[in-house]
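Inspection log for the structure reproduced underneath, given as structure tokens.
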Amino acid sequence: MDFVQLVIAGATVGFIIGLTGVGGGALMTPLLLLFGFPPTTAIGTDLLFAAFTKTSGAISHSRMGHVDWKIMRSLAMGSLPSALITGLLLKFMLGHGNNYAGLLTSSLGVMLMITAVVLIFRKQLSRLAGGIYEAKNPPHRYSMATAFGAILGVLVTLSSVGAGAIGTAVLMLLFPKLTGTRVVGTDIAHAVPLTFVAGGIHFALGHVDLGLLAALLVGSVPSIHLGAKVSRMLPNKVMNPILATMLLVLGLRYAFF
11 MDFVQLVIAG ATVGFIIGLT GVGGGALMTP LLLLFGFPPT TAIGTDLLFA AFTKTSGAIS
71 HSRMGHVDWK IMRSLAMGSL PSALITGLLL KFMLGHGNNY AGLLTSSLGV MLMITAVVLI
131 FRKQLSRLAG GIYEAKNPPH RYSMATAFGA ILGVLVTLSS VGAGAIGTAV LMLLFPKLTG
191 TRVVGTDIAH AVPLTFVAGG IHFALGHVDL GLLAALLVGS VPSIHLGAKV SRMLPNKVMN
251 PILATMLLVL GLRYAFF
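Here the sequence shown is numbered in the numbering used here, starting from 11 and rising by one per residue.
Below, the structure written as structure tokens:
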């Protein structure tokens, strides 16, 4: 693909991110695979794409006081070490990227399906959290956040998916008293270092195409803001079922076929 086509692809994904709030991993990685990029390149490049695109959002949420830094640190204490360990295992146990391309593709498929389910049942998850804990935070919630963070670190490194929708679901279940804006802000703030670390691992493994990354960012950065403006006119109840169905189909494709 030429530079212009990649810019258009980045703009399309950026617009959908701004419109729905769904992270780039669930959208960009499958698109790059459809374009014929190897799984290692698609996942590695997309992780750094997500890191750069989420940074401005994290800064904005931080300035507005939407980030719970204690929760964010608890998640990062689990996710960052597990991402590093996953990268080391890929390098020293499986060797060349061709040896674990199938693992990355299957992991992507599973994470896309989980993301689709989370999108479909987001409201039910929120109500479930409130019902289970009766509007009280569960015991040992910060240590549980670290444990879930460790799981996320592995899954995000293998698939580039999960730091957004799944991270949000974890926060809703563990911290049901957290407001919606602080759930989103805290999740984005945690996603930035996680995707930078996971992306850095893939960069060290030679899985990042810097030219591809530049083209995607050129297209996505302005279109994210456009999508955010349009989202005010188009309710999530219209977009989420469409997006969830698409992710579910792609998940089945990459997990089982």
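No residue lacks a Cβ here, since even glycine has one placed at the ideal position from N, Cα and C.
In this text, all values refer to a predicted model and were calculated from it rather than measured experimentally.
Counting along the chain, Met154 sits inside the alpha helix (DSSP H) bounded by residues 151–169.
In this structure, Ala201 and Gly174 form a Cβ contact; the two beta carbons are roughly 6 Å apart against a cut-off of 8 Å. By the Cβ neighbour-count rule, His217 is buried, with 16 or more other Cβ atoms within 10 Å of its own.
A direct Cα-to-Cα measurement between Leu118 and Ile95 gives close to 19 Å. Counting the other Cβ atoms within 10 Å of the Cβ of Thr55 gives 16 or more, which makes it buried. Membership of Lys187 in any alpha helix (DSSP H) is not indicated, and neither H nor E is assigned to it by DSSP. Leu99 is the residue among Tyr152, Gln134, Thr63, Leu99 whose C-alpha sits nearest the C-alpha of Leu215. When Arg83, Ser84, Gly35, Val128 are compared, the shortest CA-CA separation from Pro251 is found for Val128.
Between the beta-carbon of Asp12 and that of Leu188 there is about 45 Å, and that puts the pair past the 8 Å contact cut.
Exposed is the label assigned to Thr255, since fewer than 16 other Cβ atoms lie within 10 Å of its Cβ. With the rule of 3 Cβ pairs closer than 8 Å, the stretch 46–53 does not count as touching the stretch 79–89. Looking only at Ile211, Met121, Thr63, the smallest Cα-Cα distance to Lys101 is reached by Ile211.
In the structure shown, Phe59 falls within a helical segment according to DSSP collapsed to helix, strand and coil.
The count of Cβ pairs closer than 8 Å, one atom from the stretch 51–71 and one from the stretch 226–233, reaches three, so the stretches are in contact. C-alpha of Val23 to C-alpha of Leu114: approximately 21 Å in a straight line. When the beta-carbon positions are compared, Leu222 and Leu16 come within less than 8 Å of each other.
With distances taken between CA atoms, Gln134 lies nearest to Leu183 out of Leu183, Gly177, Asp219. In this structure, the alpha-carbon of Thr39 lies about 30 Å from that of Phe185. In the three-state reduction of the DSSP assignment, Ala173 falls in the coil class, being assigned neither a helical nor a strand state. Judged by their CB atoms, Leu226 and Ala52 are not nearer to each other than the 8 Å cut-off.
Going by beta carbons, Val166 and Leu204 fall inside the 8 Å limit.
Take the alpha-carbon of Leu258 and the one of Ala126: they are about 6 Å apart. Under the three-state reduction of DSSP output, His76 falls in the coil class, being neither helix nor strand. If you draw a straight line from the Cα of Met243 to the Cα of His235, it comes to about 14 Å. With respect to the C-alpha of Val180, the residue from Leu162, Val171, Ser170 having the closest C-alpha is Leu162. For a cut-off of 8 Å, the C-beta gap from Leu29 to Val194 is around 15 Å, too long to register as a contact.
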